[in-house]
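Asks:
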Amino acid sequence: MGITEISAEDAFLLYSTHGLSPTQIKSMGFSFDEQEFVDKMEQHQKISRAGAGKKFAGGLADHSEKTVKGHTATHLLHQALRDVLGEQVHQTGSNITIERIRFDFNFNRKLTAEEIKKVEEIVNSKIAENLPVHFEILPISRAKDIGAIGLFDEKYQDKVKVYFIGGASGARGPTAPHPRSASPLAYSERNEDYYSIEFCGGPHVDFTGKLKRFKIVKEESLGKNNRRIYAKVE
């Protein structure tokens, strides 16, 4: 595998999100400006001490275990809604707390009991499959080319963080090689192997099995052509 040059900012994201040391990042085939990486680490420490933080658009402010699980569940829910109702469905908003998930999407009518049941079944089947979850940092044009979906009104940077749920050749569970161990762009070429591909700031669980169980609690109208779902995970 050849060496891929990435920015110090992208390298720092690998460090801050997944705890990868500079040595580990380099062992994955990436090179970056190490002094700039150190500068960014010092800057991050100053920001943390001041009580502030930086993240990609769409990231969670609360990184508690329950909200992180809920965040991953919204990606599964989003795709399950598209599977059941059609690919015209897109997320229009969300809010996640330790108590519940709130997910807004475009649709022109109330969901039937059968549709809600089917969405739940799909999400829980993906949880039971224990699919791997990983992210890649890609140029926005590349992310769109591989079918990543995001919020309609969101303004994205030139490079974006994209989360993938699923794995090449059906790799599943903690015994399978983690997607992060391979070249990220190589994995992107096989997007048909993934259940969900979304623009997202993270964080997420590393395997969907950690969600245990998903339940839709309520579905309601938000006005013309917009619906809201309340749900929860164990």
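Residues 6 to 239 in the numbering used here are what the sequence shown lists, from first letter to last. Heads up, the beta-carbon is just placed ideally off N, CA and C, and yes, glycines get one too. Everything numeric in this text was worked out from a predicted model, so none of it was measured.
May I ask you to verify whether the stretch 217 to 236 touches the stretch 143 to 156, counting CB pairs closer than 8 Å and requiring at least 3?
Replies: Judged by Cβ distances under 8 Å, the stretch 217 to 236 makes no contact with the stretch 143 to 156, as fewer than three pairs qualify.
Asks: Please name the residue, chosen from E134, M33, N113, that lies closest to G172 on a Cα-to-Cα basis.
Replies: E134
Asks: Measure how close the beta-carbons of I170 and Y199 come, nearest whole angstrom, since I'm counting them as under 8 Å.
Replies: 6 Å
Asks: The beta strand (DSSP E) that contains I103, what's its start and end?
Replies: Taken as a continuous stretch (DSSP letters only), I103 belongs to no beta strand (DSSP E), as it is neither H nor E.
Asks: Check D38 in the structure and name its three-state DSSP category.
Replies: coil
Asks: What residues are listed by DSSP as bridge partners for P27?
Replies: Beta-bridge pairing links P27 to no other residue.
Asks: Quick one: residues in its chain with C-beta nearer than 6 Å to the C-beta of N100, no 5 flanking neighbours on either side, listed in chain order?
Replies: Around N100: R107.
Asks: Quick one, are the C-beta atoms of A16 and F35 less than 8 Å apart?
Replies: yes
Asks: Assuming the contact rule is C-beta atoms closer than 8 Å, V167 and E203 should be a hit. Round their C-beta distance to whole Å, please.
Replies: 7 Å
Asks: According to DSSP, simplified to helix, strand and coil, what is D88?
Replies: The DSSP-derived three-state label of D88 is helix.
Asks: List the whole-angstrom C-beta distance separating V94 from N111, where the pair is believed to meet the contact cut-off of C-beta under 8 Å.
Replies: 6 Å
Asks: In whole angstroms, what separates the C-alpha of F138 from that of C205?
Replies: Note on identity: in this sequence residue 138 is Val, with Phe being the wrong assignment. Near 12 Å, if we compare the C-alpha coordinates of C205 and V138.
Asks: Which whole-angstrom value is the C-beta distance of I132 and G214, which I expect to be below 8 Å?
Replies: 6 Å
Asks: Can you look up S146 in the DSSP assignment and give me helix, strand or coil?
Replies: In the structure shown, S146 sits in a helix (DSSP, three-state: H, G or I).
Asks: Per DSSP, which one or two residues make a beta bridge with Y168?
Replies: F140, E203
Asks: Can you tell me which of the three DSSP states K45 falls into?
Replies: helix
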